[in-house]
Ligand SMILES: *Cc1c(COP(=O)(O)O)cnc(C)c1O
């Protein structure tokens with residue numbers, strides 16, 4: 295039985311590549327193998343899980359056990375609903391104001407990179423967006439201290455992005471805010487389950503699955519139950535989180551196969567030791583990569599403030615765009631995929647989510663040293 299931690303040798307035999315893609319991103323090999331083995335006949339019913347009714351007893355039981363596993367993984371308290379939704383994190387960015395703010399009400403946003411701005415764009419038609427802090431002026435290389443967030447008195451919520459997937463900037467500690475601060479609404483798309491968090495500190499946690507939880511096509515919204523009692527704004531039933539919660543995320547046909555794959559991925563994380571174990575692995579992987587960058591004498595550059603560096607997405611730059619491009623094409627020949635930086639910032643980006651083992655990062659850092667030796 296091969297696991298994600300398989301050696302490079304076995305990786306080659308499987309013709310599986312070290313996949314640093316930002317999202318959709320690598321899934322654990324054992325998850326893919328299990329899905330493959332069950333593709334034609336899931337659970338002994340003689341049909342694929344994607345071929346059966348979401349309202350049948352089998353799928354309902356599966357959905358229930360996935361929620362239980364997910365609650366265990368993140369230690370989600372009982373006073374939170376867990377919704378499994380379609381439309382990605384971006385749809386959640388629009389639905390959250392519709393559901394928990396009245397029309398034109400103030401909503402506070404902290405801006406630490408690309409995805410913070412996306413959240414603002416989606417919310418603008420529905421709320422009075424207030425940018426309470428921004429690190430735009432330093433090119434998103436830091437996080438503004440929460441002491442200086444200029445929060446509104448009457449905001450419906452305070453939104454920030456836990457991990458900026460493109461800029462490689464993270465807010466890993468819950469900000470220290472006054473007792474009466476608005477509930478925190480946090481985009482955890484690219485760092486959910488990467489380390490333990492205290493869910494009770496948040497009003498809403500949302501995430502698209504395709505970075506750390508499974509395949510694209512399904513998202514999770516963890517929402518404190520009292521927030522669903524707010525009236526929100528006029529909206530169709532299908533856009534109403536209260537209706538989704540009442541129908542266990544099956545108001546219409548859910549993406550059953552994606553849900554199942556998310557379930558396998560969550561189960562894998564539990565079996566590997568849960569979020570505490572992934573925090574250790576992820577910090578070690580990130581430290582290995584940043585160390586290689588920092589000792590390169592400027593051949594590789596990552597200018598994010600040390601305290602704000604992401605442990606999930608590590609962007610870096612070489613001296614010229616031509617050298618960046620050569621690095622990417624050479625890495626591809628060395629069995630590595632997905633290292634091209636996002637077009638918004640250029641350069642290189644290594645996404646090292648939970649499914650990426652330390653060994654993959656070591657293959658990358660060995661390659662980086664060799665590339666510097668031959669091109670430095
Ligand atoms: C990928 C990503 C999104 C967008 O997710 P979609 O599922 O494509 O809507 C939003 N926020 C963050 C932090 C992301 O990494």
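Residue numbers (the working numbering): 295 to 670. Ideal placement from N, C-alpha and C gives every residue a C-beta, glycine not left out.
- Between ligand 1 and the CB of residue 412, the shortest heavy atom gap is smaller than 7 Å.
- Residue environment: residue 398 is assigned as exposed (fewer than 16 neighbouring CB atoms within 10 Å of its CB, all protein chains considered).
- With respect to the C-alpha of residue 552, the residue from 513, 541, 590 having the closest C-alpha is 513.
- Contact between the stretch 386-398 and the stretch 516-535 is present: three or more C-beta pairs spanning the two stretches fall below 8 Å.
- Per DSSP, the beta-bridge partners of residue 454 are 480.
- Looking at the DSSP output, residue 325 shares a beta bridge with no other residue.
- Runs of the beta strand (DSSP E) lying entirely within the stretch 391-429, each at least 3 residues long, are 400-405, 422-428 in chain order.
- Under the three-state reduction of DSSP output, residue 595 falls in the strand class.
- For residue 643, the uninterrupted beta strand (DSSP E) segment begins and ends at 642-645.
- Distances taken from the Cβ of residue 505 to the heavy atoms of ligand 1 include one shorter than 7 Å.
- For the 8 Å CB-CB criterion, residue 502 and residue 483 form a contact.
- When rounded, the separation of the alpha-carbon atoms in residue 590 and residue 583 is 11 Å.
- If you ignore the 5 residues before and after residue 370, its C-beta comes within less than 8 Å of the C-beta of 364, 376, 493, 516, all in its own chain and listed in chain order.
- Here DSSP, grouped into helix, strand and coil, assigns residue 568 to helix.
- Excluding five sequence positions before and after residue 615, the CB atoms of its chain that fall closer than 7 Å to its own CB belong to 640, given in chain order.
- For residue 373, the CB contacts under 7 Å within the same chain, skipping 5 residues up- and downstream, are 518, 519 in chain order.
- Contact between residue 329 and residue 555 holds: CB atoms are separated by about 6 Å, below the 8 Å threshold.
- Taken through DSSP and simplified to helix, strand or coil, residue 518 comes out as strand.
- Sixteen is the threshold: when 16 or more other Cβ atoms of the shown chains lie within 10 Å of the Cβ of residue 643, as they do, the residue is buried.
- Annotation for residue 625: 633, 661 place their beta carbon closer than 7 Å to its own, counting only its chain and skipping 5 residues before and after.
- Here the alpha carbons of residue 550 and residue 489 stand approximately 27 Å from one another.
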